[in-house]
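From first to last, the protein sequence lines stand for chains A and B.
Here the first sequence is numbered in the working numbering, starting from 1 and rising by one per residue.
Here the second sequence is numbered in the working numbering, starting from 1001 and rising by one per residue.
See below for the structure under consideration.
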Amino acid sequence: MNYFQLFHLPAQFELDLTELGTRYLELQRQFHPDKHAAGSERDKLMAVQQAANINDAYHSLKQPLLRAEHLLALRGLKISNEQRSFMEPAFLMQQMELRELLAEISDAADPDALIDEADQQIQQQKKALLRQLQSALDANNPEHDHQAADIIRKLKFFFKLQHELELIEQTQD
Amino acid sequence: MALLQIAEPGQSAAPHQHKLAAGIDLGTTNSLVATVRSGEAKTLFNKAGQDMVPSVVRYTADNVIVGHAAAADAVLDPHNTIVSVKRLMGRGFAEINADAEHIPYELVDQSGLVAINTIQGIKNPVEVSAEILATLADTASQTLGGELTGVVITVPAYFDDSQRQATKDAAKLAGLNVLRLLNEPTAAALAYGLDSGQEGVVAVYDLGGGTFDISILRLKRGVFEVLATGGDSALGGDDFDHALVSWLQQQTGQSTLTHSELRQYLVTARQIKENLSATEQLDFVLPLADGEFKGQISRSDFDALIQPLVRKTIRACKQVLRDAGLDTEEIQQVVMVGGSTRVPLVRSAVAEFFAAEPLTSIDPDKVVAIGAAIQANVLVGNKSDHDTLLLDVIPLSLGLETMGGLVEKIIPRNTVIPVARAQEFTTFKDGQTAMAIHVLQGERELVDACRSLARFNLTNIPAMAAGGAHIRVTFQVDADGLLSVTAQEKSTGVSASIQVKPSYGLSDDQVATMIQSSMLYAKQDMQLRLLKEQQVEAERVLEAVTAALNADAELLTAEEKLSVEQALAELATVKQGDNTAAIKAAIEHTNHITDEFAARRMDISIRKALQGHKVDEV
């Protein structure tokens, strides 16, 4: 299913999230199972499936990584879940350094300072990669699409790091 | 001259007619039923003039007593008087038995599930709850003067799949048509939101007799969007009572108690707790087998006893804020729900944590039933002034067991429902035709630390080389928060059959057997009930398809239209008769004929829903 079509939005990476939210609610107002509770069993089942589709589409467009993946899938490029064995050495090095930083937090004299530092680095890299992702996707040709796929793989590392950092932060208080 | 259509009383209702619907708050301590009349939601009173019915069921040799009369007998006949049955819903015997010291009746193991040994034999929590539901429904139909078309039953937001399924089974056993299981905090937010036209982000702190829920909702123009929910389905005011019982035991020096004594201690503990909400210092009398014990307790003594429990709820509040990605400053209001929020320490702790004065303008004991009644009225199809939309979430992550006893999450907690997620599996051996899938619910990574929901056996997988079959298993959670699973082999399109074995629930067959053997139906003919169910469904199908034809006949070719009309005519004829199987077959036939029509209408309506936007895009 083309999620952009479902919400009548242009199939591009840059998205008006407010508009997406408004259209999402308009669709749910019509298709949510609560609107079909007095209907026949078949209608109820269809409403559940339709509402689930709408929720899934909304969820996928709301998050930049999933949105980019969906956009690439529509263009015929599917990113497999396995990590590609090859990654640029510089990138891997940077990842290792960040992991080491995260590992140091629990024993640090001032953990908050390290958390802030790690957070800042992750946010910075994420932002830069998202900018690159946007221009790769905007180019809309096969060569740039493959570049976009590589950027998405890199971004996944950073989202994972961010999640781990949040978990570490929680154990601090 | 046109003929007037007159429906037989109690038969098919004209579409514009007000249908009878009720909201039921099936609580741990008390239960209530409410309905919307003349645009206002109100709780309903039984013949004795009470709207709050104690959730207590007493089995005597030849009778079942529910409510106040049963509660009055609790000390007299503890073994046959079931209190707080909600805590046992959808639970395993081994899970409950761990803290059985506080349960004053005899628990037994009913093939893994917890059940109670009574004078009328073994009763499971579903049967006990069905008695409470039937009593409430009875109050409603007597007050409203007719049979209920449907009910909304509230459940703690934090209830897992087995607990929800058990609640739905109880309603089925009580002969009720469940329009929706509604989360208690969402119901409360609905009652408050519509009452005050509140907008913004609110927290609902719901501490009942046996369960604790904390939910964060965003209210905006009739949309009630749950951002995150959390809690503890085994923490509530009952635990305050138990803490007091232990304290009383220290005072009296009675280290072991009989069932009857425990019941007396619990009664006194509850009185102490309630009185300490209004006073700082209390003299109390505890009746004993030989005389009585006179004692004194201050509010600060009590606060010290329950402090660890209150702290546990505040920890859950912190977690749920994190899940919602919000800070305390962003919470505009805190809605207090549940009788246990009357405890001063609870109020002050919540006020302090959220830095907001808690809202208590609607009676915390009744607000959930009122919200449920509002939603029941909407769902049954009655006209309402409010165009509301409730977007709720799944409270606990759903996952699958993978190699090494680990859980892989497929639907994370706080995902908006309904939701469907597919996962692909492949075969491990050549010619493998069956596969077992273990579904769990919980946040931890190890299988043993999560709650087992069910084991699914997939069979009829086409025999292929190892890794050749690709089985796509779809996990769907509906608007009630209930899971269903379907499976299909991708290359052949063959549907694999699924046998579900719920870990802590009853199979469909078991529920059917319970319905048939139930005392509740002694007077009613089972066959008649099944016939009526099919007739009602036939009526719904006729109404829906006729309305669809009137609106969108142009989507069909002349030939297609003819076959739809024929199917409808046949269904209308068969419906008049008393052949249940024939009606069922005619419904299925009509559904089959109109499947494509329904799909086309769905596509069109999606486009229509967004039409306003299409114009400015061109």
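Glycine residues also receive a C-beta, built at the ideal position from the N, C-alpha and C atoms.
Please read these numbers as outputs of a predicted model, since none were measured by experiment.
> Of all the CB atoms in chain B, is at least one closer than 7 Å to the CB of residue 75 of chain A?
Replying inline: no
> residue 1214 of chain B to residue 1156 of chain B, Cα distance in whole Å?
Replying inline: 10 Å
> For residue 1619 of chain B, which residues of its own chain have a beta-carbon under 8 Å away from its beta-carbon, when the five flanking residues on both sides are left out?
Replying inline: Any answer about residue 1619 of chain B is impossible in this case: the structure gives chain B only from 1001 up to 1618.
> Name the DSSP beta bridge partners of residue 1206 of chain B, please?
Replying inline: B/1213, B/1337
>> Would you say residue 2 of chain A lies against chain B (beta-carbon separation less than 7 Å)?
In response: no
> residue 1401 of chain B: buried (16+ other C-beta within 10 angstroms of its C-beta) or exposed?
Replying inline: buried
> Residues of chain A with CB under 9 Å from residue 1022 of chain B, in chain order?
Replying inline: The contacting residues do not exist; residue 1022 of chain B stays about 14 Å from chain A at best.
>> Closer than 7 Å between beta carbons: that is the criterion. Which residues of the region 23-44 of chain A meet it against chain B?
In response: 23, 25, 26, 27, 28, 29, 30, 32, 33, 34, 37, 38, 39, 40, 41, 42, 43
>> What are the residues in the region 99-124 of chain A lying within 7 Å of chain B by C-beta distance?
In response: none
>> With a threshold of 7 Å between beta-carbons, can residue 51 of chain A be considered close to chain B, or not?
In response: yes
> Roughly how many angstroms separate the alpha carbons of residue 162 of chain A and residue 1222 of chain B, rounded to a whole number?
Replying inline: 35 Å
> residue 1368 of chain B CB to nearest chain A CB: under 7 Å?
Replying inline: no
> Hey, how far is the Cα of residue 1115 of chain B from the Cα of residue 1163 of chain B?
Replying inline: 14 Å
> Does residue 1412 of chain B have its Cβ less than 7 Å from a Cβ in chain A?
Replying inline: no
>> Assuming the contact rule is C-beta atoms closer than 8 Å, residue 1024 of chain B and residue 1151 of chain B should be a hit. Round their C-beta distance to whole Å, please.
In response: 5 Å
>> Going by C-alpha to C-alpha distance, which of B/1190, B/1092, B/1317 sits closest to residue 1110 of chain B?
In response: B/1092
> Taking all protein chains shown into account, do 16 or more other C-beta atoms lie within 10 angstroms of the C-beta of residue 136 of chain A, making it buried, or fewer, making it exposed?
Replying inline: buried
> Quick one: Cα of residue 1175 of chain B to Cα of residue 5 of chain A, how far?
Replying inline: 44 Å
>> Is residue 1365 of chain B close to the ligand FMN? I mean its beta-carbon at under 6 Å from any heavy atom of the ligand.
In response: As for the ligand FMN, it is missing from this structure, which has no ligand bound.
> Using the beta-carbon of each residue, which ones in chain A are nearer than 9 Å to residue 1591 of chain B?
Replying inline: 40, 41, 42
> Since residue 56 of chain A meets chain B, which of its residues come closer than 9 Å, beta carbon to beta carbon?
Replying inline: 1419, 1420, 1421
> Taking buried to mean at least 16 other C-beta atoms within 10 Å of its own C-beta, is residue 1054 of chain B buried or exposed?
Replying inline: buried
> Taking Cβ positions only, does residue 1405 of chain B come closer than 7 Å to chain A?
Replying inline: no
> Which partner residues of residue 122 of chain A appear in the DSSP bridge assignment?
Replying inline: DSSP lists no partner for residue 122 of chain A.
> Would you say residue 1478 of chain B faces chain A, with C-beta separation under 7 Å as the test?
Replying inline: yes
> What residues of chain A sit near residue 1553 of chain B, judged by a beta carbon separation below 9 Å?
Replying inline: Correct list: empty, because the minimum Cβ distance to chain A is about 18 Å.
> Name the DSSP bridge partner or partners of residue 1225 of chain B?
Replying inline: B/1218, B/1391
>> Beta carbons nearer than 8 Å to chain A: which residues of the region 1319-1344 of chain B have them?
In response: 1322
>> Check whether chain A comes within 7 Å of residue 1380 of chain B, counting only Cβ atoms and requiring the distance to be less than that.
In response: yes
> What residues of chain A sit near residue 1223 of chain B, judged by a beta carbon separation below 9 Å?
Replying inline: 25, 28, 29
> Which residues in chain B sit within 7 Å of residue 93 of chain A, going by Cβ to Cβ distance?
Replying inline: Correct list: empty, because the minimum Cβ distance to chain B is about 29 Å.
> By a C-beta neighbour count over all protein chains shown, 10 Å radius and 16 as the cutoff for buried, is residue 1523 of chain B buried or exposed?
Replying inline: Residue placement at residue 1523 of chain B is flagged as unreliable, the pLDDT there being 49, under the threshold of 50; the coordinate-derived value follows with that caveat. Residue 1523 of chain B should be labelled exposed.
> Which partner residues of residue 1495 of chain B appear in the DSSP bridge assignment?
Replying inline: B/1488
> Do residue 33 of chain A and residue 48 of chain A have their C-beta atoms closer together than 7 Å?
Replying inline: yes
>> Quick check on this structure: which residue in B/1389, B/1444, B/1107 has the alpha carbon closest to the alpha carbon of residue 1220 of chain B?
In response: B/1389
>> Within the continuous beta strand (DSSP E) that includes residue 70 of chain A, where are the two ends?
In response: No beta strand (DSSP E) holds residue 70 of chain A; the alpha helix (DSSP H) holding it covers 64-74.
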